[in-house]
Every structure is written in structure tokens, then in C-alpha cells.
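Encoded as C-alpha cells, the structure appears first; notes follow it.
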Amino acid sequence: MKLPNPVSMATAACSAYQARISSLAASITPRVLVSTSGSGNYGESGKAAFYTIDELPMALIKEEKPFKEGELQRIDIDLGPDRQAFIIDNVLTPEESDALAACAEAILNANGHSRVAPGIRTPPGMRINEAAHWYPPHGSSFLPTIYRRIEHLVPKSLDGGLSLYNKLSEKVAHFKYNKGDQFNRHIDGLFPGQGANPKGDGVDEWTGVVSGFSLLFYLNDADDGLEGGETRLWSRDGSIYKDVTPRKGRVLAFRRGSHDAVLHAGLEVTGEVPKYMALVNLAYGQHAGTRPLMQ
1 MKLPNPVSMA
11 TAACSAYQAR
21 ISSLAASITP
31 RVLVSTSGSG
41 NYGESGKAAF
51 YTIDELPMAL
61 IKEEKPFKEG
71 ELQRIDIDLG
81 PDRQAFIIDN
91 VLTPEESDAL
101 AACAEAILNA
111 NGHSRVAPGI
121 RTPPGMRINE
131 AAHWYPPHGS
141 SFLPTIYRRI
151 EHLVPKSLDG
161 GLSLYNKLSE
171 KVAHFKYNKG
181 DQFNRHIDGL
191 FPGQGANPKG
201 DGVDEWTGVV
211 SGFSLLFYLN
221 DADDGLEGGE
231 TRLWSRDGSI
241 YKDVTPRKGR
251 VLAFRRGSHD
261 AVLHAGLEVT
271 GEVPKYMALV
281 NLAYGQHAGT
291 RPLMQ
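In terms of the UniProt record's numbering, the numbers along the sequence shown are unbroken and rise by one, the last being 295.
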């Protein structure tokens, strides 16, 4: 009796995953919300755009089974004093993770698999990956649903006194890491709370609301064929680091835009299956009004 070839089985699993994401992406129609500029992998400036998706995949609209409080748990990561980070597993279902990866792929198909990230500037060689950034339609239930799942597990206030806002900031920043791609060490900056405007032709800033934590959503893992792509987090003095392994549906949270922001890096993807992730900001503050941010 001939035993199965593990390499062949792994290759088949990788091909099946990529085919599934491509198939899902084919049914998604992103459109440009705002045209802008940004920076590429080597510091070059270029044209870019923020997108929206008017008809989200069904997995991001309809919650198959509402989550119950206590179903998810927070695991703190010890980086020493003045550095806060934690993970929450299974925040996204496998179907939601695949749908989000497909949203990224659909936008990348639309923008030519651009490596220019809209609206940001990074030093040459820091960010080596593809970028697809978008906003759900105004009033979409997708991000509020995710917020409800984790609200009881996240910090209720920041050291500066700002209280947890009642929803997530609504920019979804996808980065796709192909073989050899990585994001060298950096800290995430401060951004205002924001979301697509009601007309669907621009982005509004929520005055009085700012980003307090980065939420990194891992959309695939080793079961999909992913190799490498861990996120490395450092202590304040850089003497300690902890690696977080991508796990489908997992959220990694850490402080951003402040004196205690966590230094981190996306390690190199070493296999043929790309790493898909989504960055969403956990917002803090008191909403004082709305004004156009981009149109």
C-alpha cells in the first residue's frame, strides 16, 4: 500500500486555499472611494486609492451564530513595563476570514496588486508587501459586529484618560505578504477615528476620537499552507521580544500612536502561500463632531 506523500498533500492544500480565495474575490466588486497618493516599498511616491465595497460578501453581513460573552478570552503578552499587547483567538470565523482575504484580493486585482499604500509614508525598505485599503459602506453592520465580540475584553480607557469609543475606526488596511515579503520593525502612528461618509463619496473624520490600539486580524495560517509571517513584538528597551504566530481568526492588539506604542515587525513569509492580514484601529475618545477627511 502506497502511503500519501506529505509534500503533495501540502501542495494540494495550498492550491485549494488560493483557488478558494480567488473564487470568492471574483464575486466582489470594489470601487474607488477616494483617489490619493502614498508611498511604495522603497520610499517612492505614487498614485493610490482608498476603496469601498458596496455589496459585502454574505459572510461579513450575516452572523451565522451570535457570539456569547465568555466565549472569547484575552491572553496578555508580557513585554515588560509600559508596553501593552494581547491576543484574542477566534474573533473571526473561518468563513469571515476567507471573505476578508477575498476582499483584499479583489481590491488588489483592481489596483494592479499595488505596493503603494494610500495616505501613508514609510522609509525605504521598511514595508515590503502589497496594500489594499478600504472602508465598509456607511452604516454597515460588519465592524460593529466585530466590536461587540471584543468590547468586554479590551482596555476601557487609555493612560491619557480617553475612554473606549463605542465602535471601531472603520478603515480596513489589508497587507498581503508574498514569499519574501516582510514589514521591518516600526511603531504605528496616531490617526483620527474615521469612516465612509453617508453619500459614499468620501471619508469623514470623527473629531475627538483617535486610534489607541492596533488590531491585527490574521486571515490565514499554516492549515492554509502559510509558512512564516510571525509578528514580532519588542519590550521598551528592545531586550525582550515575543513572536506571535498567525492563526486564522486571531486578533493581535497592541498600543499605537503614543509614548508607549509597541515596536513590532512582520517577519518574512517563507512559503508559496501569501499571508493575508487586516489592520483596524481600536478607537478612544468622545465624538465631538464630523468633518470631511478625504473626498
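Built from N, CA and C at the ideal position, the CB exists for glycine as well.
Owing to the predicted nature of the structure, the values given are computational and were not obtained by experimental measurement.
For residue i, which beta-bridge partners are listed by DSSP?
i, result
"valine 34", "Phe50"
"histidine 259", "BP columns for histidine 259 are empty, so no partner."
"threonine 290", "Trp206"
"alanine 101", "DSSP, once it has assigned bridges, lists no residue as partnering alanine 101."
"glutamate 130", "Lys176"
"alanine 283", "Ser211"
"arginine 74", "Ile88"
"glycine 186", "Note that residue 186 corresponds to histidine in the displayed sequence, not to glycine. According to DSSP, histidine 186 bridges with His264."
"serine 45", "Ser39"
"tyrosine 241", "Trp234"
"lysine 275", "Tyr177"
"phenylalanine 217", "Val251 and Ala278"
"alanine 196", "Val203"
"proline 118", "Gly38"
"glycine 228", "Val269"
"leucine 164", "Tyr284"
To which residues of the same chain is residue i closer than 6 Å at the C-beta, ignoring the five residues directly before and after it?
i, result
"asparagine 184", "Met126 and Ala265"
"glutamate 227", "Thr270 and Gly271"
"asparagine 90", "Gly249"
"aspartate 181", "Ile128, Asn129 and Val269"
"histidine 113", "Glu130"
"alanine 16", "none"
Roughly how many angstroms lie between the CA atoms of residue i and residue j, to the nearest whole one?
i, j, result
"leucine 267", "arginine 20", "25 Å"
"serine 169", "tyrosine 147", "10 Å"
"phenylalanine 67", "leucine 252", "19 Å"
"alanine 222", "glutamate 272", "12 Å"
"glutamine 18", "glycine 189", "32 Å"
"serine 140", "isoleucine 28", "16 Å"
"tryptophan 206", "lysine 179", "37 Å"
"isoleucine 262", "leucine 158", "It is valine, not isoleucine, that sits at residue 262 in the sequence shown. Rounded to the nearest angstrom, the two C-alpha atoms are 14 Å apart."
"valine 32", "phenylalanine 50", "6 Å"
"leucine 108", "aspartate 237", "37 Å"
"leucine 204", "glycine 193", "Going by the sequence as given, residue 204 is aspartate instead of leucine. If I take the Cα positions, the gap works out to 9 Å."
"arginine 291", "serine 35", "18 Å"
"glycine 225", "cysteine 14", "5 Å"
"threonine 122", "serine 39", "6 Å"
"serine 45", "alanine 173", "18 Å"
"valine 7", "serine 23", "Low confidence applies here, because valine 7 scores a pLDDT of 47, under 50, leaving its location unreliable; read the following figure in that light. Answer to the nearest angstrom: the Cα atoms are 24 Å apart."
"tyrosine 258", "leucine 164", "Sequence check: residue 258 is serine here, not tyrosine. So the alpha carbons of these two residues sit roughly 16 Å apart."
"threonine 231", "phenylalanine 254", "11 Å"
"proline 94", "glutamate 64", "12 Å"
"glutamate 69", "arginine 83", "26 Å"
"lysine 156", "phenylalanine 175", "28 Å"
"histidine 287", "aspartate 54", "26 Å"
"tryptophan 134", "phenylalanine 191", "15 Å"
"proline 81", "leucine 92", "30 Å"
"aspartate 260", "tyrosine 177", "27 Å"
Under the assumption that residue i contacts residue j (Cβ atoms under 8 Å), give the Cβ distance between them as a whole number of angstroms.
i, j, result
"proline 30", "alanine 110", "5 Å"
"isoleucine 187", "arginine 256", "7 Å"
"serine 239", "leucine 79", "Not really, about 10 Å apart at Cβ, beyond 8 Å."
"proline 198", "lysine 167", "The Cβ separation is near 15 Å, so there is no contact."
"alanine 104", "leucine 233", "Contact flag wrong, Cβ pair sits at about 23 Å."
"residue 380", "leucine 162", "For residue 380 there is no data in the structure shown, the boundaries of the chain being 1 and 295."
"lysine 275", "glycine 229", "4 Å"
"alanine 25", "serine 37", "Actually they do not touch by this definition, with Cβ atoms about 25 Å apart."
"alanine 106", "valine 209", "Wrong, their Cβ atoms sit about 29 Å apart, outside the cutoff."
Within the same chain, show all residues whose beta-carbon is closer than 7 Å to that of residue i, passing over the 5 residues directly before and after it, in chain order.
i, result
"glycine 200", "Thr52, Pro137 and His138"
"leucine 153", "Leu72, Arg74 and Ile88"
"lysine 242", "Ile77, Leu79 and Leu233"
"leucine 219", "Ser97, Leu100, Ala101, Lys248, Tyr276, Met277 and Ala278"
Any chance the CB of residue i is under 7 Å from a heavy atom of the ligand ADP?
i, result
"glycine 285", "As for the ligand ADP, it is missing from this structure, which has no ligand bound."
Ordered along the chain, which non-local residues of its own chain (more than five positions away) have a Cβ less than 8 Å from that of residue i?
i, result
"tyrosine 42", "Pro124 and Gly125"
"phenylalanine 142", "Leu56, Leu60, Ile61 and Pro136"
"glycine 202", "Leu33, Val34, Ala196, Pro292, Leu293, Met294 and Gln295"
"glycine 160", "Ser258"
Q. Is there contact between the region 48–62 and the region 95–103, where contact requires at least three CB pairs shorter than 8 Å?
A. Flag = yes, the region 48–62 and the region 95–103 touch.
Q) Can at least three beta-carbon pairs, one atom from the region 108–122 and one from the region 241–259, be found at a separation below 8 Å? A) As far as the Cβ criterion goes, the region 108–122 does not touch the region 241–259, which means the pair count is below three.
(Q) Assess contact between the region 273–286 and the region 207–215, defined as three or more Cβ pairs (one per stretch) separated by less than 8 Å. Is contact present? (A) At 8 Å Cβ cutoff, the stretches touch.
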